[in-house]
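A short write-up of the structure that comes next.
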Amino acid sequence: MKTKNELNRRDFLSFLGASALSAVLQGGCGKEDNSADKLFKRTKPTNLKVLVIGIDGATLDIIEPMVKASKLGQFKHLMDTGTYAKLRSQKPMLSPALWTTIATGHNRNRHNITHFLTPTSYGSQTPELISTLDRKTVALWNIVSCFGKKAGVIGWWVTWPAESVPSYIVSDRAAHSRWRTWTNNKENTHLTFPSGLFEQIKHLVVNPINPPMEEIEKLVELTDTEKAEMLAAKKPIFAHGLSVSKFGYCAQRSYESIALHMLERGQPDMSMIFLIAVDPICHTFWHYYKPEQFPGGIEIDKARRLGKFVPAIYEHNNHYLSKLLPKIDVNTVVIVASDHGFQGSGRLPGQTNIVDYRPLGINRIEKLQRPVTVGMSGIHHIDGTFIATGGPIIPGAEFRTQPSIADVTPTILALLGLPVGKDMAGRVLEEIIEPKFLAEHPVNYVDSYENYIKHQQFEGVVDVAEDKQLEYLRSLGYIK
Numbered sequence: 097m098k099t100k101n102e103l104n105r106r107d108f109l110s111f112l113g114a115s116a117l118s119a120v121l122q123g124g125c126g127k128e129d130n131s132a133d134k135l136f137k138r139t140k141p142t143n144l145k146v147l148v149i150g151i152d153g154a155t156l157d158i159i160e161p162m163v164k165a166s167k168l169g170q171f172k173h174l175m176d177t178g179t180y181a182k183l184r185s186q187k188p189m190l191s192p193a194l195w196t197t198i199a200t201g202h203n204r205n206r207h208n209i210t211h212f213l214t215p216t217s218y219g220s221q222t223p224e225l226i227s228t229l230d231r232k233t234v235a236l237w238n239i240v241s242c243f244g245k246k247a248g249v250i251g252w253w254v255t256w257p258a259e260s261v262p263s264y265i266v267s268d269r270a271a272h273s274r275w276r277t278w279t280n281n282k283e284n285t286h287l288t289f290p291s292g293l294f295e296q297i298k299h300l301v302v303n304p305i306n307p308p309m310e311e312i313e314k315l316v317e318l319t320d321t322e323k324a325e326m327l328a329a330k331k332p333i334f335a336h337g338l339s340v341s342k343f344g345y346c347a348q349r350s351y352e353s354i355a356l357h358m359l360e361r362g363q364p365d366m367s368m369i370f371l372i373a374v375d376p377i378c379h380t381f382w383h384y385y386k387p388e389q390f391p392g393g394i395e396i397d398k399a400r401r402l403g404k405f406v407p408a409i410y411e412h413n414n415h416y417l418s419k420l421l422p423k424i425d426v427n428t429v430v431i432v433a434s435d436h437g438f439q440g441s442g443r444l445p446g447q448t449n450i451v452d453y454r455p456l457g458i459n460r461i462e463k464l465q466r467p468v469t470v471g472m473s474g475i476h477h478i479d480g481t482f483i484a485t486g487g488p489i490i491p492g493a494e495f496r497t498q499p500s501i502a503d504v505t506p507t508i509l510a511l512l513g514l515p516v517g518k519d520m521a522g523r524v525l526e527e528i529i530e531p532k533f534l535a536e537h538p539v540n541y542v543d544s545y546e547n548y549i550k551h552q553q554f555e556g557v558v559d560v561a562e563d564k565q566l567e568y569l570r571s572l573g574y575i576k
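Per the working numbering, the sequence shown starts with residue 97, numbered consecutively.
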């Protein structure tokens, strides 16, 4: 009997001919004549699976002291049984570009995801969020799909519209769909693949208008006034900590629940889940977390109460790992990666009841009923986080050079026994992989997957969720 990890040549060619060009990949593989043969000859199954946990803004300088203080048991286990390092990001540090580099192995000049907005709409009266349609290179989920492997992707940046893969994609706009689609009584399309999956998971989407305050209040000690202010925010306010953290936390909780739900159905060969909440919390609560970086400007009581929010969201992520990791197969390599780290900006937020969006290029001024605290005391740091463990990963392995966000995709492909694109910007982190494994599964290369894999076409793409997501990005100061 053939195991689920085995795939013979006939299966592979059948997959390419019958599935990839029809319902499964809608034009995925087989761009050149005999491309199936060429690719398949360069593969050797490793019987490994890979789980990638993307944590936006995760900072090793925060994780390591908390691990030493016995605050992050799951992270400690991953680090003790594997290896870790600071992951080098790229400037400008804009999340869609960075997470797309992590998922493709290409820099932004190749994959074309350079900002939160499409280049043609940047600064216009009708800005459009960047999407799958703008990506010029194939992603991990496209590549592994072409080899008959299953890919499951949840919440990753720039995955809408959801592409067809032989498992599932829950796009980065699905978490907001339940309440956004109330607008104009229209429904979004391509939020997930398969399209019917959204109906099965929409009950897991957490509504930020009705947030889980019990959970949030376990993370941060709010006064009654602060709690009321958080609840009153019907949309994110630019650089306003209580509103942007609420929206970010609700999005993350949505994807957390969806990931657990999907894993209970079975683990794909490659899984990717994105957790966003660290980023908005660090942007707007950093001065409370590190008041010594802002001399004389922080009330002691507020620093005591609100400064706990930053380490608390790391503890929340640690608790989530305690739910997630027991659900994965023993032959899984776990990779934790972040797009950047965090540091203080040196600028304290201030109180205002006038929110002026004009500095961001938005011709709008909002007057609030009462003053709120607005400003970003935390900014991105060039060093993020990389942790790898399981399978052939060498515990305590030292890195030859500092790993880069472009190294993640090539390394995953090598672990799965798939060819690495010669045109990829990153490298396989061979020094952290057991030599015996590499001897049995030597790294193979293909000139470029762009020669083999077709980009998918979409019909009837409608996204009425975009306005709400644009509001969130404006509230963080990412877009104009």
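Even glycine gets a Cβ: it sits at the ideal position worked out from N, Cα and C.
Just so we're clear, the structure is a prediction, and the values are computed from it rather than from any experiment.
Any idea which residues DSSP pairs residue i with across the strands?
| i | result |
| --- | --- |
| Phe482 | Ala181 and Ala433 |
| Tyr541 | Val516 |
| Phe438 | His476 |
| Leu225 | Leu213 |
| Ser260 | Answer is none; Ser260 lacks a bridge partner. |
| Thr448 | Val468 |
| Ser500 | Arg184 |
| Phe289 | Ile265 |
| Ile529 | Ile489 |
Between the alpha carbons of residue i and residue j, how many angstroms are there, rounded?
| i | j | result |
| --- | --- | --- |
| Ala114 | His299 | Note that Ala114 scores a pLDDT of 36, beneath 50, so its modelled location is shaky and nothing firm can be said. |
| Arg496 | Ala433 | 18 Å |
| Thr210 | Pro192 | 7 Å |
| Trp382 | Pro538 | 45 Å |
| Glu546 | Gly522 | 16 Å |
| Glu527 | Ala502 | 16 Å |
| Val163 | Leu444 | 29 Å |
| Thr288 | Phe554 | 13 Å |
| Phe405 | Asn203 | 33 Å |
| Val542 | Val524 | 14 Å |
| Ala340 | Ser185 | Sequence inspection shows Val at residue 340; the Ala mentioned does not correspond to that position. So the two alpha carbons sit approximately 24 Å from each other. |
| His207 | Trp237 | 15 Å |
| Pro513 | Thr179 | First, the residue type needs correcting, since residue 513 is Gly and not Pro in the sequence shown. Looking at the two C-alpha atoms, the distance is approximately 21 Å. |
| Val470 | His336 | 5 Å |
| Ala235 | Gly442 | 37 Å |
| Gly486 | Arg466 | 52 Å |
| Ser353 | Pro161 | 28 Å |
| Leu315 | Pro364 | 32 Å |
| Ile265 | Leu174 | 26 Å |
| Lys187 | His476 | 10 Å |
| Leu578 | Ile198 | Residue 578 is absent from the structure shown; the chain starts at 97 and stops at 576. |
| Ser418 | Glu462 | 42 Å |
| Gly169 | Asn414 | 7 Å |
Apply the 10 Å Cβ neighbour rule to residue i and answer buried if 16 or more other Cβ atoms are within range, or exposed otherwise.
| i | result |
| --- | --- |
| Val426 | exposed |
| Gln565 | buried |
| Pro215 | exposed |
| Asn205 | exposed |
| Lys550 | buried |
| Thr277 | With a pLDDT of only 29 at Thr277, under the threshold of 50, the placement of this residue in the model should not be trusted, and no figure is reported. |
| Lys140 | exposed |
| Asp268 | buried |
| Met309 | exposed |
| Asp435 | buried |
| Ala347 | buried |
| Gln498 | exposed |
| Ile239 | buried |
| Ala165 | exposed |
| Asp320 | exposed |
| Gln552 | buried |
| His286 | buried |
| Ala271 | buried |
Kindly indicate the opening and closing residues of the alpha helix (DSSP H) around residue i.
| i | result |
| --- | --- |
| Ala510 | Val504 to Leu511 |
| Ile297 | Leu293 to Ile297 |
| Gly522 | Neither: Gly522 is in no alpha helix (DSSP H) and is coded neither H nor E. |
| Trp237 | Leu236 to Cys242 |
| Trp46 | Nothing about residue 46 can be reported from this structure: the residues present for the chain run from 97 to 576 only. |
| Asp425 | It is not in any alpha helix (DSSP H) - Asp425 carries neither H nor E in the DSSP assignment. |
| Leu572 | Where Leu572 is concerned, there is no enclosing alpha helix (DSSP H), given that its DSSP letter is neither H nor E. |
| Lys164 | Leu156 to Lys164 |
| Asp320 | Asp320 to Ala328 |
Could you pull the start and end residues of the beta strand (DSSP E) that residue i belongs to?
| i | result |
| --- | --- |
| Met368 | Met366 to Leu371 |
| Val470 | Ile461 to Val470 |
| Val249 | Ala247 to Ile250 |
| Leu147 | Lys145 to Ile151 |
* Asked: Can you find at least 3 beta carbon pairs, one from the segment 144-157 and one from the segment 474-488, that sit closer than 8 Å?
  -> The segment 144-157 is in contact with the segment 474-488.
| request: Assess, as a yes-or-no matter, whether the segment 371-391 is touched by the segment 320-330 under the definition of 3 or more beta carbon pairs within less than 8 Å. | output: The answer is no - the segment 371-391 does not touch the segment 320-330, with fewer than three Cβ pairs under 8 Å.
Per the contact definition of three or more C-beta pairs closer than 8 Å, is the segment 506-515 in contact with the segment 141-153? Enough Cβ pairs lie closer than 8 Å, so yes.
**Sufficient close CB pairs (3 or more, under 8 Å) joining the segment 292-307 to the segment 363-375** = The answer is no - the segment 363-375 does not touch the segment 292-307, with fewer than three Cβ pairs under 8 Å.
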